[in-house]
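J.: Note that the protein sequences, when read in sequence, are chains A and B. Numbering that gives the first Met the number 0 numbers the first residue of the first sequence as 0 and each following residue consecutively. Numbering that gives the first Met the number 0 numbers the first residue of the second sequence as 0 and each following residue consecutively. Yeah, the Cβ is synthetic: ideal placement off N, Cα and C, and Gly gets one too. Here's a structure for you.
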Amino acid sequence: MDPRILDRFRAIVGRDGLLTEPEQLRTYECDGLTNFRVLPSAVVLPTSTEQVQAVVRVCHDARIPFVARGSGTGLSGGALPIEHGIVISLARMTRILEVDIPNARVVVEPGVLNLSVTQAVAPNYFYAPDPSSQQVCSIGGNVAENSGGAHCLKYGFTTTHVLGLEVVLPDGSLVHLGGATLDRPGYDLCGVFVGSEGTLGIATKVILRVVRRPALIQTLLAAFDSTNQAGAAVSEIIAAGVLPAAIEMMDNLAIQAAEAAVHAGYPDCGGLLLVELDGPAAEVAALMARVREICTSCGAWELRVAQSEEERAAVWKGRKAAFAAMGRISPNYIVQDGVIPRTALPEVMSEIERLSGQAGLRVANVFHAGDGNLHPLVLYDARIAGQEGRAERLAFSILELCVKAGGSITGEHGVGEEKKAFMSVMFAEPDLDTMQRVRCAFDPERLSNPTKVFPRPRLCAEKPGPYQPHPLETAGIAQLF
Amino acid sequence: MDEVATQLRDASRDGLVVMPRGGGTKLDWGRPPRPADLVLSTTRLDRVMEHAWADMTATVEAGCTVARLQHTLAEHGQRLACDPLWPERATIGGILATNDTGPLRARFGGLRDLIIGVTLVLPDGTVARSGGKVVKNVAGYDLPKLAIGSFGTLAVITQAVFRLHPLPHATRTFTFAAPALEPLCELALAIQGSQLAFVSLQLRAGRSAEPALDVGFEGTQAGVDSQQDELLRLAASLARVDPPRAVWRAREALWQGTEPAVVGTLSVLPTELRAVCAQLHDVGAAPLVGWRVVAQGVGVGQFRLEGATSGALLGAVQRLREGAERRGGTLVVLVGPEDLKAQFDVWGPPGDALPLLRRVKQQLDPGGTLSPGRFVGGL
C-alpha cells in the first residue's frame with residue numbers, strides 16, 4: 000500500500016492504531032470461517048467515531064475498499080479482508096455510553112461484547128439475542144449479521160432490539176438512523192442496515208433495547224429415540240399455542256460431542272430436546288405440565304427439569320459449546336446454517352441422512368428447532384485426500400435442500416463470502432437487483448465490504464431499472480456466475 | 000401482480016403520478032401529495048394465499064382486509080398479533096405502508112417484528128421479493144422493513160408474509176381511573192418495570208374524561224389469575240373501574256368529531272409520557288375546545304386537538320412538537336385542516352439522514368411516480 004496513504008492513517012489513529020507487518024496482519028486474514036483467507040494491506044484500529052470517519056474518508060478519496068470487523072467470530076466470511084483493501088477493526092471502541100433502566104435502553108459502541116450488555120443491566124434486565132459466541136462476539140458484528148441465538152424464538156433477533164444507529168457512510172459522512180424513541184419519521188433504514196453484513200457502512204454507536212427478566216425460567220430436557228420423534232413433539236408444542244423462550248434439538252452425534260467436551264449431563268439418546276419456558280410462575284407451571292404431556296405422548300422416555308441455576312447453566316453450556324465440541328469427535332468439520340419450515344423437518348432430516356450416507360461422511364445436527372434453523376455439522380478429515388471437497392459439496396447440497404423445502408440459506412450466520420453464490424438459488428435476479436439498488440444509495444462507489452453477499456456486483460452508475468443481460472448472455476455466449 | 004407491474008411501468012413511462020390505495024382509510028395521512036393521475040387500488044388483490052398453520056406463517060395479498068385475514072387465521076386458532084385501526088376496512092398493504100399498529104405492540108412488537116417477507120412492485124415494473132416464508136432468515140437485505148411506513152412512496156406492496164401467534168386461551172383487561180394523570184403514568188412505569196407479563200398497556204385522557212389506564216393480559220387461565228394480585232398491589236392507591244366497551248379500539252374515537260381538528264402521533268421515551276400528556280393538557284386549554292389522547296406504555300400515543308379555528312390549532316400543535324422534541328421525541332400530524340397542513344411540516348425535521356432517504360427514493364422511484372411529496376422531507 001502507498002506509504003503516503005499509510006501516513007494518513009497513522010496521523011488519524013496514531014502509531015499503535017495501525018498494523019502493517021505481515022505477522023500482525025495474519026490475525027485478521029480470516030474470521031470464524033477459516034477456509035477463506037486474505038491478507039489485508041493494513042489494519043486500522045480507531046477509538047472514536049471521528050477517527051472512523053477520517054479513516055473512511057481516506058479510503059473514499061483513494062478508492063480503497065474496507066472491511067469493518069468486530070471480534071471476528073462470524074461464520075460466513077463476512078469479515079474476510081479484501082485484497083488491496085484495509086480492515087477497520089472496531090475492537091477499541093468498547094464504551095458503554097448510557098444505561099437507562101427505566102426506559103430499558105442501552106447505548107453502546109460497536110466493540111462492546113454481547114454479554115457485556117447483559118452484565119451492564121443485570122440482575123433485572125438482559126439483552127435478549129444470545130448467539131452461542133455471546134461471551135466474545137461484539138454488538139457491531141451482531142448488528143452487521145442480524146445475529147440470532149436460542150432465545151430469539153420468543154424475543155426476536157438483533158433487529159428487534161436495535162432501535163437506533165449512528166453510521167459512518169462509505170463516503171465518510173455521519174448519519175443517525177432510527178433513535179431511542181419508536182417510529183421516527185422516515186424510511187426504516189435502521190432496519191435495513193441491521194443484517195446488511197457491513198456492505199452499507201460502519202455502525203459507530205448502537206441504541207439497544209433490553210428486556211425485563213421474567214419471574215421464572217425453567218428448562219426441560221427430554222430424551223427421545225429419534226430426532227423425528229423429538230421433531231413431532233416440537234410441532235405439537237407450538238400447535239398447542241405454547242411459545243417457549245427456546246426449543247433446541249440435538250442428535251446423538253451432537254450429544255456425544257457435547258458430553259465429551261463439557262459433561263453437560265445429557266441423557267444418551269437419539270434426539271434430545273431442550274425446552275425453556277419463562278414468565279410468571281403460574282403460567283410457566285401450567286405450560287410446563289402441558290409440554291411434559293406432549294413430550295411423553297411423542298415418546299420421550301426421560302424428562303428432567305433443571306433444578307437449580309447451576310444445572311440450567313450446565314444444560315446451556317453443552318448446547319452452546321456444541322460446535323466447538325465437534326473437535327472432540329472429528330479432526331475437521333463444517334458448520335452449516337440453513338432454515339426450513341418446521342413442518343419439513345422429518346423429510347429434510349431423512350434426506351440429510353441419505354446424503355450423508357452417500358458422501359460417506361458423518362453429519363451431526365444441532366437445531367434451533369422452534370424456528371426451523373438447522374445447524375448441520377459436516378465432519379471430515381482434511382488429511383484424507385478428497386474428503387474436504389466432499390464435505391463442502393455435502394454442506395452445500397444440504398443448503399439446496401433447505402431452499403427446496405421453502406426455507407433459507409442462512410438463519411443467523413449471514414451470506415458473507417461463503418454463500419453469495421447461493422443467493423441466486425434463493426432469489427431471482429430482480430430481487431437481488433432491487434437489494435443492490437438500495438446498496439447503491441448507501442455506497443455508490445462500492446467501497447464497504449464490496450465483494451460480499453451478492454453473487455454479482457451492480458455498477459451503481461447503471462441506470463436504475465430492471466436488470467439488463469449483457470448481449471453476450473442473451474446470445475448464449477457468456478454466462479454470469 | 001403482473002397487472003400491477005404493467006400499469007406501473009406504463010404510468011411511470013408516461014410521467015404520471017400514481018397513488019397506491021388499499022381500503023382508503025388513511026389516504027389523508029401525511030402531506031398532501033401532488034394530485035394523482037392514477038389511483039392504483041389493491042382491493043382486488045385480496046386473497047389469503049397460504050395459511051401454513053403448522054408453521055405459523057401466512058402469505059396474504061395486499062388488498063385483503065385485516066379482519067378477513069384474522070378471520071381466516073382464527074379457523075386454526077391463530078392470528079396476526081397486531082391490532083391496527085379499522086380492521087374491517089384497513090388492508091394489509093395499507094397498515095404496512097402507514098405502519099399502523101395498536102396496543103398489542105407492547106408484547107408482540109410492531110409490524111416490523113411480525114413481517115417475514117414481502118413482494119414489491121417498483122415503478123419500472125420490477126417485481127422484487129425479499130425475506131421468505133420462514134421466521135428466521137438473514138439472506139439478503141431486509142426490504143420488508145423498507146416498505147413499512149414508506150407511505151407508498153417507494154414501491155407498491157402486493158404481498159406480505161407474516162409470522163403468526165396463537166389466539167390466547169384466556170384474556171383479561173383491568174382498568175384503573177384517577178382524577179389526575181400522574182399516578183396513572185407512574186403505574187404504567189411500575190408495570191413496565193415489573194415482571195408482569197402484560198400484552199398491552201394504554202393510557203386514555205382528555206378534557207372531558209377522567210384519565211384511565213388499561214392493562215391487558217393473555218395466557219393460560221392460571222397465569223392470568225396469578226397476575227391479578229401483583230397488579231392490584233402495584234395499583235393499590237387507584238380506583239379499579241370496569242373497562243369500557245371495545246377498550247382496545249379506543250384510538251378509533253380520536254377520528255370522530257365535528258370541530259376542526261388535528262390528529263397526530265407523539266413518540267417519546269416511556270418515562271417522558273407523563274410530561275407530554277401534561278403538555279397536551281396545557282395546550283388543550285382555551286382557545287381550543289377539546290383534546291384527547293390514547294397512548295401506549297411504550298411511548299407512542301395518538302392525540303386529537305379540536306379548535307374553533309385552524310390558527311389556534313396551529314399554535315397548539317407547534318408548542319406540542321417543541322415539547323416532544325425537547326424531550327428527544329417526535330410529533331407527526333396525520334390529519335388536519337388543509338391550511339394547517341400547508342403551513343406546518345406535518346412530519347417534522349427529517350434529520351441528517353435526509354440525503355440518504357433521497358438517494359433511496361431516487362434508486363427505487365427515480366421518476367417520482369409514487370405519491371410524490373407525501374412523505375418526509377417532501378419525498
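(1) Is the CB of A:Tyr186 under 7 Å away from at least one CB in chain B?
(2) Mind checking if B:Leu330 is an interface residue toward chain A, Cβ cutoff 7 Å exclusive?
(3) Ignoring anything shorter than 4 residues or poking outside the stretch 39 to 112 of chain A, list the alpha helix (DSSP H) runs there in chain order.
(4) If we cut at 7 Å on Cβ distances, does A:Asp370 have a partner in chain B?
(5) What is the DSSP secondary structure of A:Phe480, reduced to helix, strand or coil?
(6) State the start and end residues of the unbroken alpha helix (DSSP H) segment that holds B:Gly310.
(7) By DSSP, does A:Tyr154 sit in helix, in strand, or in coil?
(8) In the structure shown, what three-state DSSP assignment does A:Gln255 receive?
(9) DSSP beta-bridge partners for B:Glu185?
(10) Tell whether a beta-carbon distance below 7 Å holds between A:Val261 and A:Ala202.
(11) Rounded to whole angstroms, what's the CA-CA distance from B:Arg33 to B:Gly376? Just pull it up for me.
(12) Leaving out the 5 sequence neighbours to the left and right, which residues in its chain are closer than 8 Å to B:Leu355 when beta-carbon positions are compared?
(13) Opposite B:Phe197 in the DSSP bridges: which residues?
(14) Pull the bridge partners of A:Lys204 from the DSSP assignment, please.
(15) If contacts are defined as beta-carbon pairs under 8 Å, then A:Val338 and B:Lys135 qualify, I think. What distance do you get, rounded to the angstrom?
(16) Would the beta-carbon of B:Gln220 fall within 7 Å of that of A:Ala214?
(17) Under 7 Å, Cβ to Cβ, is there at least one residue of chain B near A:Met348?
(18) Taking contact to mean 3 or more Cβ pairs, one atom from each stretch, closer than 8 Å, check whether the stretch 181 to 194 of chain A and the stretch 152 to 164 of chain A are in contact.
(19) Using the three-state DSSP reduction, which class does B:Met18 fall into: helix, strand or coil?
(20) Kindly give me the distance between the Cβ atoms of A:Asp495 and A:His59, rounded to whole angstroms, as I take these residues to be in contact under 8 Å.
(21) Is there a Cβ of chain B sitting closer than 7 Å to that of A:Ile293, yes or no?
(22) Assuming B:Val3 and B:Val155 form a contact by the criterion Cβ under 8 Å, report the distance between their Cβ atoms to the nearest whole angstrom.
(23) State yes or no: is the beta carbon of A:Ser407 nearer than 7 Å to at least one beta carbon in chain B?
(24) For the stretch 111 to 127 of chain B against the stretch 448 to 456 of chain A, do three or more pairs of beta-carbon atoms, one drawn from each stretch, fall closer than 8 Å, so that the two count as touching?
(25) Out of B:Arg206, B:Thr58, B:Gln342 and B:Thr368, state which residue places its alpha-carbon closest to the alpha-carbon of B:Leu72.
(26) Taking a contact to mean a Cβ-Cβ separation below 7 Å, would you say A:Pro266 touches A:Glu310 in this structure?
(27) What residue range does the alpha helix (DSSP H) around B:Glu60 cover?
(28) Return helix, strand or coil for B:Ile147, following the three-state DSSP convention.
(29) Which residues, taken in chain order from the stretch 346 to 358 of chain B, show a beta carbon closer than 9 Å to some beta carbon of chain A?
(30) Within 10 angstroms of its Cβ, does B:Glu305 collect 16 or more other Cβ (buried), or is it exposed?
(31) In angstroms with no decimal places, state the Cα-to-Cα distance between B:Met48 and B:Gln158.
(32) Taking Cβ-Cβ distances shorter than 7 Å, what residues in chain A pair up with B:Asp112?
(33) Report the partner residues of B:Arg162 according to the DSSP bridge assignment.
(34) Using Cβ-Cβ distances below 7 Å, what residues of the stretch 72 to 105 of chain A are close to chain B?
(35) Figure out for me which residue from A:Glu416, A:Pro21 and A:Arg183 has the closest Cα to the Cα of B:Pro348.
(36) Is the beta carbon of B:Ala117 sitting closer than 7 Å to the one on B:Ser129?
T.: Result, derived from the coordinates:
(1) yes
(2) No, because no Cβ of chain A sits closer than 7 Å to the Cβ of B:Leu330.
(3) Unbroken alpha helix (DSSP H) runs of no fewer than 4 residues, entirely contained in the stretch 39 to 112 of chain A, are found at 48 to 61, following chain order.
(4) yes
(5) At A:Phe480 the pLDDT is 46, less than 50, meaning the model places this residue with poor confidence and gives no usable figure here.
(6) That run of the alpha helix (DSSP H) goes Ser309 to Arg325.
(7) helix
(8) Helix.
(9) Answer is none; B:Glu185 lacks a bridge partner.
(10) A:Val261 places its beta carbon 7 Å or farther from that of A:Ala202.
(11) 14 Å
(12) none
(13) B:Phe216
(14) A:Glu165
(15) 5 Å
(16) no
(17) no
(18) yes
(19) strand
(20) With chain A represented from 0 up to 480, any question about residue 495 of chain A goes unanswered, as that position is not in the structure.
(21) no
(22) 6 Å
(23) yes
(24) Using a Cβ-Cβ distance cut-off of 8 Å, the stretch 111 to 127 of chain B and the stretch 448 to 456 of chain A are not in contact, since fewer than three pairs of beta carbons, one from each stretch, lie closer than that value.
(25) When only C-alpha atoms are compared, the closest one is B:Thr58.
(26) no
(27) Segment Thr56 to Glu60 is the beta strand (DSSP E) holding B:Glu60; no alpha helix (DSSP H) there.
(28) coil
(29) Trp346, Gly347, Pro348, Pro349, Gly350, Asp351, Ala352, Leu353, Pro354, Leu355, Leu356, Arg357 and Arg358
(30) By the neighbour-count criterion, in which a residue is buried when 16 or more other Cβ atoms sit within 10 angstroms of its Cβ, B:Glu305 is buried.
(31) 9 Å
(32) Gly155 and Thr159
(33) B:Thr56
(34) Shown in chain order are the members of the stretch 72 to 105 of chain A whose Cβ falls below 7 Å from a Cβ of chain B: Pro101 and Asn102.
(35) A:Arg183
(36) The residue you asked about is not Ala; residue 117 of chain B is Val in the sequence shown. It is a contact, given that the beta carbons lie within the stated cut-off.
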